[in-house]
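**Q** Sharing a structure here in structure tokens format.
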Amino acid sequence: MTTIKLLPTKDINTLVKEVSELKSIEDYKRFWSDFEYLYQSYPRNELAGLLKKFNDLIKEDASEGQLAEFLSRRLLISRAQASNPQYWITLNFIYFSDFIRKLYETKSDEVDKLKINLQSYFIPTSSQSSLLKGPISGLWWAAKITVLPDFDYRYTYKFLQDRNLRFKNLGGHQIIRHQPALLALLDFLEENRDAKYKDTGNYIGSEAIAQAMSKTLNQVAGTRLITIFNQQEIREILEKYKQYIIRLAIAIHEGKREVVEENNLEQRIGNQIISDSHNEGQNLTDFLIKEPLPIKPVIETQSPPSLTVVGTSIKQPHEINNNIDRHFLYNKISRKYRISKEEDENFDIAIGFSSTRIDQVLLHFYKQGKINRTVIGPSIKNLNLETMYSNGSNQKLDLLDIQIVNSKFLIGIAYCFLGVTYHKLYKEDILKKNNQDLKLEGKQLMEKGSYDCIAYKILPYDFIYEIDENRIYSSPTARGTTLLNPSFSDYWKKLQKYWPELFTEELFKDCE
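Written as structure tokens, this is what we have:
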């Protein structure tokens with residue numbers, strides 16, 4: 192295994208802060224001058240041979256495919272290491288900074304663009320898109336997800352023949368994590384990249400074909416269903432939808448994306464393209480007929496009921512009470528609210544509750560790591576119906592969501608920091624109990640600046656009887672535990688029943 196001394200987290204935080212504060216070309220030059228001085232003695236011997244050979248390949252005008260194969264063979268690290276931004280930030284700054292700077296410094300002398308490029312080229316996040324776009328991480332990962340047994344890199348070269356495949360048209364889709372899907376897509380593109388208009392004979396363009404095929408497969412199978420198919424089966428699916436893909440590519444090429452609505456294509460396999468002899472002169476919406484394709488059965492498991500709040504508020508049914516006869520309606524822009532007998536889709540949040548129950552509370556979840564619990568008592572129940580009221584949330588904080596619960600519960604918190612996900616669990620009694628003011632900030636459960644993204648989960652209180660009580664935190668400033676901690680493996684298995692999305696990359700996929 193290839194081992195290097197990683198830059199400490201505090202050093203990375205300092206670099207990130209300094210980059211964000213660049214205001215002029217002089218600042219930019221000073222940043223690199225200071226960096227080179229401070230880290231001139233940082234150990235680099237571990238990769239001396241690798242760097243020499245890499246630079247030799249650059250001088251020989253090696254292709255990205257050749258560079259990717261070389262890094263894959265020589266940079267021997269695990270997928271876990273390669274998913275850690277700290278590893279790539281260290282490589283970028285300490286080992287490959289000269290190479291990376293040459294990639295973008297000649298393209299602009301404007302400080303804002305240099306700053307953006309420095310951030311995107313040198314400081315990746317843990318997201319799939321960010322890692323694949325990285326000048327070094329992207330090459331390594333491109334090889335890792337395409338290499339076949341016995342070090343067969345032919346698909347790596349196909350994947351890297353067009354940078355937009357890695358940056359956008361394929362790299363931006365979750366389905367390529369299933370290697371058979373990626374390989375089938377690359378084969379399909381290779382066979383159809385030269386598709387032409389029937390009337391003029393002009394090329395449609397491989398860019399449009401790539402966008403159309405990945406969009407179609409993503410809609411037809413999706414990230415979960417796709418995993419039950421092998422490469423040949425996925426290739427057959429693409430062939431069945433070939434005529435649709437070609438016409439979608441034409442629409443994309445001509446800038447007519449609006450004519451192809453997502454609803455025109457079934458979200459799951461169940462429809463098939465009509466043969467060419469039947470579709471002359473038809474619109475895109477005429478291409479689908481109800482003829483099911485044979486598919487393998489999918490067994491779905493049901494998780495116990497619980498609620499998730501992550502990143503941004505999404506309108507969803509929050510009603511978890513019985514005998515609902517009132518609704519809390521909230522407008523995110525004005526922060527105004529009203530109590531109504533009926534739901535109203537004009538409001539961002541509409542939560543049902545009972546006017547007769549006495550154990551209900553409103554929970555405000557904030558991006559700043561705070562939760563405010565408000566008792567649904569007379570001060571709320573006795574408000575005039577259909578009347579708008581101000582101060583439905585705290586004006587200084589960024590509201591993620593509002594929920595209502597009517598029983599004892601546990602509070603799960605997950606947060607991402609420098610690409611690593613942490614988790615901690617609290618009992619509900621850590622929150623203020625008798626508050627009746629919606630606009631209070633609430634309880635601070637995360638320290639400012641200690642995370643990049645945050646997610647909340649309301650868990651059933653009975654979960655406490657399944658786990659060691661030492662897993663419950665009492666300090667609001669507790670850091671929590673990284674999901675990489677193997678000593679918590681039994682706890683992770685139990686938690687996964689209630690919070691399955693925590694153990695996927697989807698939860699913080701957009702965290703930058």
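Residue 362 in the numbering used here is what sits at position 171 of the sequence shown, and the numbering runs on without skipping anything. Cβ coordinates follow ideal geometry from the N, Cα and C atoms, glycine included.
Please report the Cβ distance between T673 and Y613, rounded to the nearest whole angstrom; I am assuming they are in contact, meaning their Cβ atoms lie under 8 Å.
**A** Indeed, because the Cβ distance is near 5 Å, the residues count as touching under 8 Å.
**Q** I need the DSSP call for H518, collapsed to helix, strand or coil.
**A** It is a strand residue.
**Q** Below 8 Å, can you find three or more Cβ-Cβ pairs linking the segment 297-313 to the segment 343-352?
**A** Too few Cβ pairs lie closer than 8 Å, so no.
**Q** State the Cα-Cα distance for the pair P508 and A541, rounded to the nearest angstrom.
**A** Residue placement at P508 is flagged as unreliable, the pLDDT there being 38, under the threshold of 50; a coordinate-derived value is accordingly withheld.
**Q** Where in the segment 536-574 do unbroken runs of the beta strand (DSSP E), each at least 3 residues long, occur, reported from the N-terminal end onward?
**A** Within the segment 536-574, the complete beta strand (DSSP E) runs of at least 3 residues are 540-544, 552-557, 561-566.
**Q** Counting along the chain, where does the alpha helix (DSSP H) carrying T612 start and finish?
**A** First-last for T612: 611-618, but that is the beta strand (DSSP E), not the alpha helix (DSSP H).
**Q** Measuring straight from C-alpha to C-alpha, what distance separates S269 and S254?
**A** Spanning the two alpha carbons is a distance of roughly 24 Å.
**Q** Spatial neighbours of K196 within its chain, please: C-beta separation below 6 Å, excluding the five flanking residues on both sides.
**A** Contacts found: P234.
**Q** Extract the residue ranges of the alpha helix (DSSP H) inside the segment 325-371, only unbroken runs of 4 or more that lie entirely within it.
**A** You should have 328-335, 345-350.
**Q** Identify the residues that DSSP records as bridge partners of F608: which are they?
**A** F608 pairs with V611.
**Q** So who's on the other strand from V596, going by DSSP bridges?
**A** According to DSSP, V596 bridges with V552.
**Q** Got a sec: is the Cβ-Cβ distance from E398 to anything in chain B below 8 Å?
**A** Annotation note: the requested chain B is absent from the structure, which comprises a single protein chain.
**Q** Starting from the Cα of N246, find the closest Cα among A271, F290, L267 and give me that residue.
**A** Measuring from the Cα of N246, the nearest candidate turns out to be F290.
**Q** Should the segment 249-267 be called in touch with the segment 198-218, which here means at least 3 C-beta pairs below 8 Å?
**A** Touching, no, given that fewer than three Cβ pairs across the two stretches are closer than 8 Å.
**Q** By DSSP, does T205 sit in helix, in strand, or in coil?
**A** It is helical.
**Q** Using 8 Å for Cβ pairs, my map puts Q422 next to P371. What's the rounded Cβ distance?
**A** Going by Cβ atoms, the distance from Q422 to P371 rounds to 4 Å, so yes, they are a contact pair.
**Q** If you follow the beta strand (DSSP E) that R529 is part of, which residue opens it and which one closes it?
**A** Run containing R529: 528-531, per the beta strand (DSSP E) assignment.
**Q** Which residues in the same chain have their Cβ closer than 7 Å to the Cβ of I515, if we skip the five residues on either side of it in sequence?
**A** Contacts found: G543, F544, S545.
**Q** One question on the structure: do F600 and P651 come within less than 8 Å of each other, judged by their Cβ atoms?
**A** Yes; because the gap between Cβ atoms is below 8 Å, this pair is in contact.
**Q** Taking the DSSP output, what are the residues bridged to G392?
**A** Bridge partners of G392: none, in fact.
**Q** Helix, strand or coil, according to DSSP, for I291 in the structure here?
**A** In this structure, I291 counts as helix in the three-state DSSP scheme.
**Q** Expressed to the nearest angstrom, what Euclidean distance is found between the alpha-carbon atoms of N355 and L323?
**A** C-alpha separation (whole angstroms): 11 Å.
**Q** Could you give the first and the last residue of the continuous alpha helix (DSSP H) run that contains L429?
**A** From DSSP, the alpha helix (DSSP H) with L429 extends over 422-431.
**Q** Taking K306 as part of the alpha helix (DSSP H), name the residues at either end of that continuous run.
**A** Element bounds for K306: 302-313.
**Q** Below 8 Å on the Cβ atoms is my guess for L631 versus N573; work out the distance and round it to an integer in Å.
**A** No, L631 and N573 are not in contact; Cβ-Cβ is about 20 Å, not under 8 Å.
**Q** Is K623 helix, strand or coil by DSSP?
**A** Three-state DSSP puts K623 in coil, outside helix and strand.
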